[in-house]
Structures are given as C-alpha cells and as structure tokens.
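Structure, as structure tokens:
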Amino acid sequence: MRVVTPRSNQTNWPRPPSCLTASQLRVPPDNARIAVAGLVILRQRPGTAKGVIFLTLEDETGTVNIIVWRKLYERHRRAVIAGRMLRVTGRLQSEGDVIHVIAEVIEDISPLLDQLLAPAPEDPPEDRAEHRPESLSPDPQTG
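Read in order, the letters of the sequence shown correspond to residues 346 to 488 in my numbering.
Given below as structure tokens:
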C-alpha cells in the first residue's frame with residue numbers, strides 16, 4: 346500500500362489537537378483512550394459483522410484501523426458515510442502486530458482538507474536572506 350504524503354514539510358499536516366499519528370500507535374498502552382485523524386480510504390460493512398463497520402484512515406505516517414459498533418454508527422451516521430477526513434476518539438486495542446481503535450466519538454473534519462490543498466505560505470522577504478545558504482549569499486566584493 347502506498348502512503349500519500351501531502352507535502353514535503355510534514356509539520357503542515359492539519360493535525361487536530363491531541364491526535365496521534367499512525368506511527369505513534371505503539372506508544373500508548375492497550376486500552377488507552379486516544380484520538381487519531383486521517384483521510385478515509387476504506388469503509389467496510391460486511392454482512393457477517395452484525396452491523397459493525399470497519400474504517401481505515403490514512404495519515405502522513407500510515408494507516409489506522411477503526412471499528413465502529415452499530416449504536417455508535419447510528420449516532421454518527423453522516424460522518425461515517427460521507428466524511429472524507431475524520432477525527433476518531435476511542436480505545437486503543439493491540440495484540441501482536443494488529444492495532445485498531447474502537448471508536449467512541451467520530452467527527453467529520455473534511456473542511457481541513459482545504460488546508461492540504463492550499464499553497465504553503467512564503468517566508469517574508471526579510472526572512473529569506475537569513476535562511477539563504479552561504480553559497481547563495483551575495484559576494485560582498487562583487488555585490
């Protein structure tokens with residue numbers, strides 16, 4: 346699976362407050378309450394799963410598997426069905442290499458996608474000279 350990186354500067358990713366990245370999910374203990382955010386790349390509702398929905402979110406570091414129980418789905422139906430980018434708060438469950446989040450709260454944060462598409466702000470002109478590599482600085486003798 347290919348991970349899509351929105352920009353070369355990872356700090357510009359619109360990470361909502363208190364969210365962990367996919368690569369950080371091995372840090373908290375099992376059953377810790379955490380929040381994650383990412384693009385929805387997969388929605389599954391198998392007929393044999395008794396109303397359980399499986400979501401896969403992708404952020405700049407990888408993917409996160411989300412389990413949504415039927416009652417929660419009924420409360421957050423619009424976000425689960427239509428959200429392109431979600432913030433999910435829930436309980437972390439890990440066993441071996443398998444890590445997933447049991448959703449408790451689901452928020453549609455799709456409007457943040459506009460920030461991914463916005464051009465990066467340029468440095469003010471006075472800051473550019475300070476960050477210019479030595480080799481690009483004007484020669485004091487030749488101007």
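Ideal Cβ placement from N, Cα and C applies to all residues, glycine included.
Remember, it's a predicted structure, so these values are computed and weren't measured experimentally.
Rounded to the nearest whole angstrom, the CA to CA distance from Leu365 to Val385 is 16 Å.
Assignment of Glu467 by DSSP, reduced to helix, strand and coil, places it in the coil class. In terms of CA proximity to Gly383, Arg432 leads the group Ile411, Arg415, Lys416, Arg432.
If you look at Val385, you'll find it in the beta strand (DSSP E) that goes 378-389.
Taking a contact to require three or more Cβ pairs closer than 8 Å, the region 411-430 and the region 451-459 qualify as touching. When rounded, the separation of the alpha-carbon atoms in Pro373 and Ile379 is 8 Å. Per DSSP, reduced to three states, the secondary structure at Asp404 is strand. In this structure Glu467 is exposed. Its beta-carbon is surrounded by fewer than 16 other beta-carbon atoms within 10 angstroms. DSSP places Arg422 in the helix class (H, G or I) of the three-state scheme.
Remark: C-beta atoms of Leu370 and Leu437 approach each other more closely than 9 Å. Ranked by Cα distance from Val397, the options Ile444, Glu419, Asn376 are led by Glu419.
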